[in-house]
Amino acid sequence: MLYVFKEGWSTFKSIFTGMGVTIRHFFSPSVTEKYPYEKIELPKGARAKLHVNIDDCIGCNLCARACPVNCIDIETVKATDDVDLGKTSTGNPKRFWLTRFDIDMAKCMYCDLCVHPCPTNCIYMVPEYEYSEVDRSNLVYHFSNLKPEMVAEVKEKAEQEAEQKKRERQEMMRKKAEAAKKKKEEQEKKQAEAKKSSNKNDNDKPSTPGKKDS
Amino acid sequence: MTDQISNIAEKREMTINMGPQHPSTHGVLRLELDLDGEVIKNTRPNIGYLHRCFEKYAEEMDDYSKVIPYTDRMDYVSAMNQEHGYVIAVERMLEIEVPERVEYIRVIMAEMQRIASHLLGIGAFGLDLGAFTPFLYCFIEREKILDIFEKTSGARLLYNYYAIGGMIKDVHPDFKKDTNEFVKTFRPKIKELNDLLSGNKIFIKRTANIGVLPEKVALNYGASGPVLRGSGVEWDLRKNDPYSIYDRFDFEIPIGKGEMGTLGDCWDRYIVRVREMEQSLRIIEQALEGMPDEGDVTEGIPKRIRPKEGELYARSETPRGELGYYIISDKSASPFRVKARAPSFVHLGLLPAISKGALIADMVAIVGSIDIVLGEVDR
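Below you can see the structure in the form of structure tokens.
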């Protein structure tokens, strides 16, 4: 009998202690955020979406290499000699056309590893989180600002230049080879002459080992 | 058909599946239960629903630091602790010293994460047993910790904040103030939690004397963390095998004493977590006091990470127990093998041993009390 009363009392007590806590919470200010109507501002460094300031990108590919999930896809074309792409805001010279700079945010795991190696700080996370899509392909963000015609033109130009350079190089190599050949021939001639003259001078002596080598 | 029914009725035995979609199993876990009436005769945990090839991925990465975001995803409830374990393992392989300030930041982050993880564990444990209110109150406090983390690292759950040899970036300028404020406001909340849940008679009735794990069994199964301490074994890697700078702090190891029933029951495991939060607060306070104000946290990060040929096992204490990383290096830039010894996996193995003879309704309490995270079990 006493046990029942004791148990009953402790149950009663413990439950009402708990009730007291809930009542205190009931009168304390609410902590709920009514999300679509009220939005809390994310802190400055919040990692929610990748953004690229394409004007500052030099196409060094470091971010793509740092990415563990390969969500950054960069294609660059070397700028021809007649174009000057200018400099980034940090002073690095730009040498590449960025024909493609795609980031697949569906693949991105928000690890921030691509942000740190960037030499011009042009890739960074922005606190923007409302970008859900129905179609997954819409989550691929294209940051390159070149138009398709421009891309084709740039590629063609680069190819032409590359070919020209290749030809020039070949020409140069050929010339060099020719020059070398000429030189060699001349040298051989000289040596032959020298040999002849030495042979004339002392016929019975055997040729020196140094001459043998040449 | 009628034969079968009568057969079942006679034998009163059947096998049922609990999960994988059961809301009380803390993730996608399937338990095959052999029942005799309402009494559990045998439990077979089926895992693998969340397998993401962490270990294989780690081998594929061409840099040791690229593995860190994947360790986050192992135990997503205590990501900071997972990173800490991996980072100290690689640092020991490289034989590099970490600046003082970095160590202090690491310890504070790890202990805050421990509190956040225990809050979730306790809250979900209460929720399993029908106590909805403490769950929400725990989440209010957890939110405060996540806000501090978000301000500092930029992410709320998967931080990728630890780097090999340092931290990814320095803490937020308000960090010290925020953390101090949190410590001050959190102390009374533990008392509140005790009033609400720990002392509640209904809660005690559902947890005391249930899922008893004797000391010997716990040791034999290789249990660690609050599960082992709940059985009365004073074992904490922060004290017994100090890593980082844990040997500088003054704290106690709370152990289960069988206050409400048998030693090593669900209530003991639960109360160890609550008391551990208090100890974590003590560590945070001491670390905040000792933390140097100046110092670059990123300067120690090596450009090239190429450990010497060899292997290493480094362990650390996460909220769930002993987390070990076994790394083999072949001198190249990517690890040859990374094996993670996850405490949740070991504790899941305990389940058949401690659930034998329990009622099916108590199974939920037992699973909740060992506080497993399936991301870590399946990896």
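Protein chains in written order, with our numbering: chain A, 319 to 532; chain B, 596 to 974. We put the CB at the ideal spot given by N, CA and C, even for glycine.
Answer with yes or no whether the minimum CB distance from residue i to chain B is below 7 angstroms.
| i | result |
| --- | --- |
| A:T329 | yes |
| A:V395 | no |
| A:M427 | yes |
| A:P347 | no |
| A:A364 | yes |
| A:P361 | yes |
| A:T335 | yes |
| A:T340 | yes |
| A:K529 | Because the pLDDT at A:K529 is just 47, under 50, the model does not fix this residue reliably, and the point stays unresolved. |
| A:S332 | yes |
| A:S532 | Its pLDDT being 46, under 50, A:S532 is placed unreliably by the model, and nothing is read from it. |
| A:P411 | no |
| A:P354 | no |
Please report the distance separating the alpha-carbon of residue i from that of residue j.
| i | j | result |
| --- | --- | --- |
| B:M707 | B:I955 | 35 angstroms |
| A:E467 | B:D667 | 44 angstroms |
| B:Y908 | B:V685 | 10 angstroms |
| B:G614 | B:D657 | 38 angstroms |
| A:S532 | B:E904 | Since pLDDT at A:S532 reaches only 46, below the 50 mark, its modelled position is unreliable, and the value read off the structure follows with that caveat. The alpha-carbon atoms of A:S532 and B:E904 are separated by roughly 51 angstroms. |
| B:L791 | A:S332 | 8 angstroms |
| B:M675 | A:G326 | 44 angstroms |
| A:K513 | A:M491 | 32 angstroms |
| A:D422 | A:L380 | 17 angstroms |
| A:M337 | B:S964 | 24 angstroms |
| B:F720 | B:D765 | 35 angstroms |
| B:A935 | B:D973 | 11 angstroms |
| B:Y681 | B:I663 | 7 angstroms |
| B:M997 | B:K926 | Here chain B comprises residues numbered 596 to 974, so residue 997 of chain B is not present and cannot be evaluated. |
| B:L883 | B:L788 | 25 angstroms |
| B:L752 | A:Y449 | 19 angstroms |
| B:D831 | A:S455 | 49 angstroms |
| A:V322 | B:D957 | 24 angstroms |
| A:P347 | B:F727 | 19 angstroms |
| B:L731 | B:Y754 | 23 angstroms |
Say whether chain A places a C-beta atom closer than 7 angstroms to the C-beta of residue i.
| i | result |
| --- | --- |
| B:G825 | no |
| B:K779 | no |
| B:G794 | yes |
| B:I735 | yes |
| B:E557 | In the structure as shown, chain B starts at 596 and stops at 974, and residue 557 of chain B therefore has no counterpart that could be examined. |
| B:G749 | yes |
| B:K771 | no |
| B:E894 | no |
| B:T802 | no |
| B:P664 | yes |
| B:L645 | no |
Below 8 angstroms on the Cβ atoms is my contact criterion, and I expect residue i with residue j to pass it. Report the Cβ-Cβ distance as a whole number of Å.
| i | j | result |
| --- | --- | --- |
| B:P694 | B:V892 | 7 angstroms |
| B:G895 | B:I635 | So it is not a contact: roughly 52 angstroms between Cβ atoms. |
| B:S673 | B:R709 | 7 angstroms |
| B:E871 | B:H713 | 6 angstroms |
| B:C733 | B:I717 | 6 angstroms |
| A:Y442 | A:H369 | 6 angstroms |
| A:D430 | A:R485 | No, A:D430 and A:R485 are not in contact; Cβ-Cβ is about 46 angstroms, not under 8 angstroms. |
| B:D966 | B:R910 | Contact doesn't hold; Cβ gap of about 19 angstroms is too wide. |
| A:I358 | A:L416 | Not confirmed; about 35 angstroms, so no contact. |
I'd like to know whether the C-beta atoms of residue i and residue j end up nearer to each other than 7 angstroms.
| i | j | result |
| --- | --- | --- |
| B:S660 | B:I759 | yes |
| B:D670 | B:G919 | no |
| A:A384 | A:I392 | no |
| A:C603 | A:C389 | Since the first residue shown for chain A is 319 and the last is 532, residue 603 of chain A is missing from the structure and cannot be characterised. |
| B:I805 | B:C861 | yes |
| B:P902 | B:S924 | yes |
| A:F414 | A:S462 | no |
| B:A653 | B:R801 | no |
| B:L626 | B:T610 | no |
| B:E810 | B:V822 | no |
| B:G851 | B:V867 | yes |
| B:G856 | B:S826 | no |
| B:Y816 | B:L722 | no |
| B:G749 | B:S819 | no |
| B:K746 | A:P411 | no |
| A:T394 | A:G377 | yes |
My parser needs the alpha helix (DSSP H) runs of 4 or more residues fully inside the region 779 to 867 of chain B; what are they? 796 to 802, 810 to 816, 820 to 825, 832 to 835
Return the chain-ordered ranges of every beta strand (DSSP E) run that is complete within the region 390 to 419 of chain A and spans a minimum of 3 residues. 390 to 396
Please give me, in chain order, every unbroken run of the alpha helix (DSSP H) with length at least 4 that falls completely inside the region 645 to 684 of chain B. 649 to 655, 663 to 667
Residues in the region 414 to 445 of chain A with C-beta within 8 angstroms of chain E's C-beta atoms, listed in sequence order? This model lacks chain E altogether; the protein chains it does include are A and B.
Can you list the alpha helix (DSSP H) stretches of 4 or more residues lying completely in the region 465 to 520 of chain A, in chain order? 466 to 519
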